[in-house]
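These notes are about the structure you will find just below.
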Amino acid sequence: MMTLSIRTLLYDVLLLLELGLFFVFFAPLFLRIFNAGNLFGMAVSAICFLLTLFHRPFGQLLSRIWGNLCGKCVLSILALLLTAGIAFAGFCSVKMVQYYQNPPQTPCTVVVLGCKVKGTVPSLMLQRRLEAAKGYLQQHPEVSCIVSGGKGTGEDISEAQAMKTYLTAAGIAADRILMEDRSTDTHENLLFSKQILEQQGLPNRITILTDGFHQYRAHRMATELGLESWSVSGKTRRILIPTYWVREWMALFEQFLGMA
């Protein structure tokens with residue numbers, strides 16, 4: 484009787500955890516953030532919830548499928564794919580944590596990666612990157628800064644212009660800030676920033692300033708372009724970290740496929 488009660492309690496706790504996980508990925512929708520990360524997170528947590536809720540019929544179904552050779556092959560392949568996916572996500576997460584904060588011992592040019600601008604005003608995520616950039620530039624007055632980002636949909640000015648305006652208003656001298664206002668993605672951010680480094684006669688050593696979850700992928704791109712890179716990260720709102728973390732797994736998988 485005691486064993487049954489403990490089992491029921493654990494079952495209820497598992498359902499609550501899965502339901503909680505679903506709302507962790509659902510919550511960013513209230514901030515009008517919907518991407519592959521929270522879609523995938525909601526889907527996985529919903530599937531886990533349903534499998535737990537209907538574990539008996541699901542277990543019976545698996546037993547029937549396992550009962551023939553073809554079923555064994557299919558389930559074995561699915562198990563291998565699931566294991567590989569978990570291993571890949573674990574590997575990426577370890578590397579993402581490793582590059583979350585990795586400032587250089589010798590200060591070097593800061594490259595601030597662009598993010599959404601609402602009209603002419605940097606989004607909250609971009610503002611947090613800029614606050615981190617401001618702090619770093621104030622600590623190292625000899626360092627130059629490249630603000631990188633073109634003009635996207637719904638933006639009245641380029642992300643680079645919005646970032647320069649924000650930093651100069653915060654007291655950073657305009658002549659320390661170089662604008663790269665053509666890029667549309669992270670690869671172009673770094674490629675066009677490298678061209679500015681070369682034009683200005685600056686070393687190919689940069690401190691990438693973006694959100695922590697984004698640093699590892701940005702570092703990989705910088706390395707491919709022949710740049711030495713370090714990382715200083717803006718503070719991401721905690722409610723958004725799971726969504727963007729999962730989305731970053733997908734972007735890294737796409738990056739690995741592209742390299743292959």
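FYI, the numbering for the sequence shown is 484 to 743, going by the numbering used here.
The beta carbon of each residue, even a glycine, is placed where N, CA and C say it ideally should be.
Through-space distance from residue j to residue i, alpha-carbon basis
| i | j | result |
| --- | --- | --- |
| K599 | M646 | 11 Å |
| L564 | I679 | 43 Å |
| E642 | L650 | 12 Å |
| S712 | T592 | 10 Å |
| W549 | P540 | 14 Å |
| G602 | G632 | 14 Å |
| T636 | L544 | 48 Å |
| A615 | D639 | 24 Å |
| M485 | T719 | Low confidence applies here, because M485 scores a pLDDT of 47, under 50, leaving its location unreliable; read the following figure in that light. Roughly 45 Å between the two C-alpha positions. |
| E707 | G568 | 25 Å |
| V604 | Q610 | 9 Å |
| H538 | C556 | 22 Å |
| Q738 | K578 | 14 Å |
| R612 | G573 | 26 Å |
| M608 | I489 | 44 Å |
| P624 | I655 | 9 Å |
| R552 | T566 | In the sequence as presented, Arg is not what sits at residue 552; that position holds Leu. Those two C-alpha atoms are separated by around 21 Å. |
Whether residue i touches residue j by CB criterion (9 Å)
| i | j | result |
| --- | --- | --- |
| H517 | P725 | Reading off the sequence shown, one finds Phe at residue 517, where the question assumed His. Their beta carbons are not under 9 Å apart, which means F517 does not touch P725 by this criterion. |
| I691 | V594 | yes |
| I560 | I629 | no |
Supposed close pair residue i, residue j - CB separation, criterion 8 Å
| i | j | result |
| --- | --- | --- |
| A769 | L673 | For residue 769 there is no data in the structure shown, the boundaries of the chain being 484 and 743. |
| P511 | L723 | 6 Å |
Pair every Cβ in the region 573-583 with every Cβ in the region 697-709, then say whether three or more of these pairs are closer than 8 Å.
Between the region 573-583 and the region 697-709 there are three or more C-beta pairs closer than 8 Å, enough to call the two in contact.
Is there contact between the region 726-742 and the region 520-532, where contact requires at least three CB pairs shorter than 8 Å?
Contact between the region 726-742 and the region 520-532 is present: three or more C-beta pairs spanning the two stretches fall below 8 Å.
Starting from the N-terminal side, write out each stretch of the beta strand (DSSP E) that is 3 residues or longer and does not extend beyond the region 573-653.
Taking only runs of at least 3 residues, the beta strand (DSSP E) segments lying wholly in the region 573-653 are 592-596 and 628-631.
Complete alpha helix (DSSP H) runs within the region 538-575 (minimum length 4 residues, chain order)
538-549, all fully within the region 538-575.
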